[in-house]
Amino acid sequence: MRFQRFNSDFTEPEEFKEIHPTLLKRAEILSKELHELEVEISKGTGGFDINQQTKFSNLSSVVDVYDDYSKKLSSYKELQSLLEDESLKEEAALEIETCLPVLVNVTEKLKAKLLPPHPFADKPSILELRPGVGGVEAMIFANDLLNMYTGYASSNRWKYSLISKTLNQSGNGILEAIVSIEEPGSYDRLRFESGVHRVQRIPETESKGRTQTSTAAVVVLPQMSDKLLPEDADERSFAQGEVRIDVMRASGKGGQHVNTTESAVRLTHIPSGIVVSMQDERSQHKNKAKAFTILRARLAERERQVHEEEERKKRTDQVSSTDRSDKIRTYNFPQNRITDHRCGYSVHDVDSIMSGEKLDQLIDELHKHESQIKSKNLLEELEKGL
Amino acid sequence: MVRIPTNLILRARKKSSLLPLLLKPCKTIDSAEQELRWIQNELPQNQWLKACYLRSNNVPLQYILGSQPFGDLNIKCKKDVLIPRWETEEYTLKLVDQLRSIKESLKIIDICTGTGCIPLLLGSKLKNSSVKGIDVSEKAILLSNENKVLNSIPNVEFRSGDVFDANIVQEKYDIVVSNPPYISADDFKSSSTEISVRLYEPKLALVGGNEFYTALVNNVLLSTDAEGFLFEIGYTHQYKHTRNLLNLNQWNTCLYFDSAGNARAIIGWKKGSKMQILENIR
Numbered sequence: 001m002r003f004q005r006f007n008s009d010f011t012e013p014e015e016f017k018e019i020h021p022t023l024l025k026r027a028e029i030l031s032k033e034l035h036e037l038e039v040e041i042s043k044g045t046g047g048f049d050i051n052q053q054t055k056f057s058n059l060s061s062v063v064d065v066y067d068d069y070s071k072k073l074s075s076y077k078e079l080q081s082l083l084e085d086e087s088l089k090e091e092a093a094l095e096i097e098t099c100l101p102v103l104v105n106v107t108e109k110l111k112a113k114l115l116p117p118h119p120f121a122d123k124p125s126i127l128e129l130r131p132g133v134g135g136v137e138a139m140i141f142a143n144d145l146l147n148m149y150t151g152y153a154s155s156n157r158w159k160y161s162l163i164s165k166t167l168n169q170s171g172n173g174i175l176e177a178i179v180s181i182e183e184p185g186s187y188d189r190l191r192f193e194s195g196v197h198r199v200q201r202i203p204e205t206e207s208k209g210r211t212q213t214s215t216a217a218v219v220v221l222p223q224m225s226d227k228l229l230p231e232d233a234d235e236r237s238f239a240q241g242e243v244r245i246d247v248m249r250a251s252g253k254g255g256q257h258v259n260t261t262e263s264a265v266r267l268t269h270i271p272s273g274i275v276v277s278m279q280d281e282r283s284q285h286k287n288k289a290k291a292f293t294i295l296r297a298r299l300a301e302r303e304r305q306v307h308e309e310e311e312r313k314k315r316t317d318q319v320s321s322t323d324r325s326d327k328i329r330t331y332n333f334p335q336n337r338i339t340d341h342r343c344g345y346s347v348h349d350v351d352s353i354m355s356g357e358k359l360d361q362l363i364d365e366l367h368k369h370e371s372q373i374k375s376k377n378l379l380e381e382l383e384k385g386l
Numbered sequence: 001m002v003r004i005p006t007n008l009i010l011r012a013r014k015k016s017s018l019l020p021l022l023l024k025p026c027k028t029i030d031s032a033e034q035e036l037r038w039i040q041n042e043l044p045q046n047q048w049l050k051a052c053y054l055r056s057n058n059v060p061l062q063y064i065l066g067s068q069p070f071g072d073l074n075i076k077c078k079k080d081v082l083i084p085r086w087e088t089e090e091y092t093l094k095l096v097d098q099l100r101s102i103k104e105s106l107k108i109i110d111i112c113t114g115t116g117c118i119p120l121l122l123g124s125k126l127k128n129s130s131v132k133g134i135d136v137s138e139k140a141i142l143l144s145n146e147n148k149v150l151n152s153i154p155n156v157e158f159r160s161g162d163v164f165d166a167n168i169v170q171e172k173y174d175i176v177v178s179n180p181p182y183i184s185a186d187d188f189k190s191s192s193t194e195i196s197v198r199l200y201e202p203k204l205a206l207v208g209g210n211e212f213y214t215a216l217v218n219n220v221l222l223s224t225d226a227e228g229f230l231f232e233i234g235y236t237h238q239y240k241h242t243r244n245l246l247n248l249n250q251w252n253t254c255l256y257f258d259s260a261g262n263a264r265a266i267i268g269w270k271k272g273s274k275m276q277i278l279e280n281i282r
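Keeping their order, the protein sequence lines are chains A and B. If you're matching positions, the first sequence starts at 1 in the UniProt record's numbering and goes up one per residue. If you're matching positions, the second sequence starts at 1 in the UniProt record's numbering and goes up one per residue.
Right under this line is the structure:
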């Protein structure tokens with residue numbers, strides 16, 4: 001499937017380049033590994049092993065693309081050789097025209113598969129949304145974004161739950177919202193959403209019809225614990241004394257003397273100074289469990305960013321697809337346009353993006369953009385190493 | 001009684017016409033808003049006004065909503081039975097953590113069980129144990145059985161019984177847990193007991209003292225041959241009183257503080273027994 005491109009600042013590279021042999025060597029190793037695994041499974045001595053099965057499906061997903069690539073490549077080469085034949089030249093050129101885009105597509109796919117996966121690619125995710133500059137309009141926009149992501153989750157049939165949501169005074173926007181998306185791998189799809197989103201439109205609060213620019217910030221975190229584990233699994237991942245737990249309660253005798261409903265919990269992670277408060281649930285126990293989930297996710301994301309920063313310093317090249325540039329995307333309502341500034345890609349359909357239905361279109365483009373940059377970097381490293 | 005400033009009431013009314021009603025029990029706008037949210041989430045709209053009105057008369061929110069979360073259980077609450085407190089939830093979860101490490105199946109007994117919250121949480125977390133809950137109030141026994149069905153926990157049973165009856169239990173148990181009434185008669189009349197507790201929660205479950213700890217030790221702890229116990233307390237002198245009832249050549253005790261920093265329980269174990277692990281509860 002191909003999408004029409006508007007207002008874009010680079011054109012599709014229709015010319016085809018073969019994948020670098022060093023990268024292909026990786027694919028060959030993987031396919032050999034798959035073959036060995038197949039033999040082992042067919043012997044069937046070990047019984048059903050879940051780890052073996054996941055490894056198998058992971059490997060075969062790469063090798064399938066690799067086989068597809070090799071097939072398409074050889075037929076492409078054949079066609080190319082036919083070009084020299086005067087009688088078949090025209091027909092071959094026509095054929096090439098149709099099969100080239102498919103080949104380019106498969107090449108991109110294979111490149112993405114061969115790159116080392118994101119460390120948290122298989123994790124469920126947590127989204128945090130907060131209004132930026134722009135007053136009430138920013139709060140309304142943050143709420144619109146929240147609806148976009150929940151809509152996106154439901155259109156993918158992902159389970160999600162609101163961990164907390166604080167409405168603004170007039171009730172039309174949010175001051176903060178935290179959503180947990182329980183689908184494993186949702187982090188990998190949504191991680192590009194981290195950053196500042198900018199909106200340009202005539203706010204519903206504006207009486208004179210002037211266009212206003214506002215922002216909202218989105219943070220995407222990986223959810224570290226398994227949902228199958230008991231709900232205090234996150235708490236157990238911290239050493240004793242690493243986190244200070246404060247329950248916010250009035251002084252007094254407590255116990256049977258009072259029956260207040262105060263259930264707020266505040267966690268302070270002492271080494272990093274990160275503070276997480278949670279108060280939405282009536283149960284202190286649940287508030288604490290939620291706060292620990294968020295704390296752990298924030299720490300993991302922070303660690304990953306530090307790691308990525310170090311990696312980037314090692315390279316001369318400064319390009320990165322996940323750096324926190326000041327704004328990542330603009331939603332321009334008057335022009336019915338959404339532009340992602342990292343890959344320079346625009347979509348002219350604000351409504352179906354904001355409902356979450358067509359968000360995949362943007363995310364696909366960002367994934368492609370990232371794998372292009374990553375494969376470029378990887379090749380440079382490999383060439384340096386040779 | 002603290003007077004609520006007029007401007008606070010006006011500010012609350014701007015947000016919602018129901019909010020000023022909740023200011024009286026909640027004092028601050030933030031906590032009033034939180035309670036309003038819970039009321040609106042859990043009750044149908046035609047009951048909101050009535051709920052807020054009841055709350056403004058200091059009826060406990062748990063009675064209005066009809067429940068209180070306890071660990072991952074939802075405990076039904078009714079008039080005439082004490083509402084489970086967060087301190088109780090906290091130490092019960094810590095107790096679970098310790099008892100989990102004992103592999104053999106345990107027999108646990110809870111005296112003055114009320115809603116049945118302690119035995120139900122223990123039973124739901126320690127699947128191979130068998131737990132008994134005893135209360136003197138028939139209403140409490142009815143409610144705790146209801147809670148057992150609501151949370152579908154099979155390994156817990158409830159029956160009525162009076163802790164002052166020397167023959168209250170015949171069987172043997174490994175550990176005794178209790179949250180007996182411990183507020184002194186003077187404190188119950190003073191402002192140190194919240195008005196909503198005083199007006200709406202059962203006095204039977206609240207006012208008591210050392211006589212309960214004496215009865216717990218003599219009629220339950222010693223006659224069941226238990227090796228460990230945990231009794232909730234309200235004052236440190238109740239710790240001293242209970243400790244003095246024990247043969248200290250056999251028993252070790254410690255004073256447990258809740259996370260608000262109040263002395264909340266006496267924990268005891270027979271020296272060298274499997275219940276020695278109770279010393280890890282902090």
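Glycine is no exception: its CB is placed at the ideal position from the N, C-alpha and C atoms. Because the structure is a prediction, the values reported are computed rather than measured.
Inter-residue Cα distance where the pair is residue i and residue j
| i | j | result |
| --- | --- | --- |
| Thr253 of chain B | Phe192 of chain A | 56 Å |
| Ile277 of chain B | Gln98 of chain B | 6 Å |
| Tyr239 of chain B | Leu93 of chain B | 21 Å |
| Asp187 of chain B | Leu206 of chain B | 11 Å |
| Arg266 of chain A | Arg282 of chain A | 15 Å |
| Val197 of chain B | Ile111 of chain B | 21 Å |
| Val149 of chain B | Ser186 of chain A | 37 Å |
| Asp64 of chain A | Pro203 of chain A | 49 Å |
| residue 335 of chain B | Trp269 of chain B | Here chain B covers residues 1 to 282 and nothing more, so residue 335 of chain B does not appear. |
| Asp349 of chain A | Asn105 of chain A | 24 Å |
| Leu120 of chain B | Lys288 of chain A | 21 Å |
| Pro154 of chain B | Ile75 of chain B | 16 Å |
| Leu204 of chain B | Glu89 of chain B | 21 Å |
| Ile338 of chain A | Thr211 of chain A | 16 Å |
| Leu61 of chain B | Asn210 of chain B | 30 Å |
| Asn336 of chain A | Thr330 of chain A | 11 Å |
| Asp258 of chain B | Ser352 of chain A | 52 Å |
Top-ranked residue by Cα proximity to residue i, from the options
| i | options | result |
| --- | --- | --- |
| Lys78 of chain B | B:Lys50, B:Ser129, B:Lys139 | B:Lys139 |
| residue 284 of chain B | B:Lys27, B:Cys26, B:Ile9, B:Asp225 | This structure gives no information on residue 284 of chain B, because the portion of chain B shown stretches from 1 to 282. |
| Glu97 of chain A | A:Leu79, A:Ile363, A:Glu40 | A:Leu79 |
| Leu167 of chain A | B:Leu23, B:Ser17, B:Arg37, B:Pro25 | B:Arg37 |
| Pro69 of chain B | B:Pro202, B:Ile118, B:Ser130, B:Gln170 | B:Ile118 |
Simplified DSSP state of residue i, which is helix, strand or coil
| i | result |
| --- | --- |
| Thr224 of chain B | coil |
| Ala260 of chain B | coil |
| Ala27 of chain A | helix |
| Ser251 of chain B | Note that residue 251 of chain B is Trp in the sequence shown, not Ser. Strand, per DSSP. |
| Thr322 of chain A | Reliability of the predicted coordinates at Thr322 of chain A is poor, the pLDDT of 43 falling under 50, and the value obtained from them is presented with this limitation in mind. In this structure, Thr322 of chain A counts as coil in the three-state DSSP scheme. |
| Gly133 of chain B | strand |
| Phe120 of chain A | coil |
| Met224 of chain A | coil |
| Ala138 of chain A | helix |
| Leu18 of chain B | coil |
| Val104 of chain A | helix |
| Asp317 of chain A | Any answer about Asp317 of chain A is weak, because its pLDDT of 47 lies below 50 and its placement is not dependable; what the coordinates show is given next. DSSP places Asp317 of chain A in coil when its eight states are reduced to three. |
| Ser214 of chain A | strand |
| Asp280 of chain A | coil |
| Thr6 of chain B | helix |
| Phe164 of chain B | coil |
| Gly209 of chain B | coil |
| Trp86 of chain B | helix |
| Phe192 of chain A | helix |
Anticipated Cβ contact below 8 Å, residue i with residue j, distance rounded
| i | j | result |
| --- | --- | --- |
| Ala177 of chain A | Ser164 of chain A | 7 Å |
| Ile181 of chain A | Pro124 of chain A | 6 Å |
| Gln250 of chain B | Lys274 of chain B | Not a contact, Cβ separation roughly 15 Å. |
Within-8 Å CB hit, residue i to chain E
| i | result |
| --- | --- |
| Ile183 of chain B | Looking at the structure shown, chain E is missing, and the protein chains on hand are A and B. |
Exercise. Does the segment 349–358 of chain A touch the segment 210–225 of chain A, meaning 3 or more C-beta pairs lie closer than 8 Å?
Worked result: no
For this session: Check whether the segment 140–157 of chain B touches the segment 109–127 of chain B, taking contact to mean three or more Cβ pairs, one atom from each stretch, closer than 8 Å.
Result: yes
For this session: Decide if the segment 196–216 of chain A is in contact with the segment 135–153 of chain A; the criterion is three or more beta carbon pairs, one per stretch, under 8 Å apart.
Result: yes
Exercise. Do three or more CB pairs link the segment 152–171 of chain B to the segment 213–224 of chain B at distances below 8 Å?
Worked result: yes
Exercise. How do the segment 58–70 of chain B and the segment 33–47 of chain B stand: do at least 3 beta-carbon pairs fall below 8 Å, yes or no?
Worked result: yes
For this session: State whether the segment 61–76 of chain A contacts the segment 20–35 of chain A, with contact taken as three or more CB pairs (one from each stretch) at a distance under 8 Å.
Result: yes
Exercise. Any contact of the segment 11–30 of chain B with the segment 47–56 of chain B, i.e. 3+ C-beta pairs under 8 Å?
Worked result: yes
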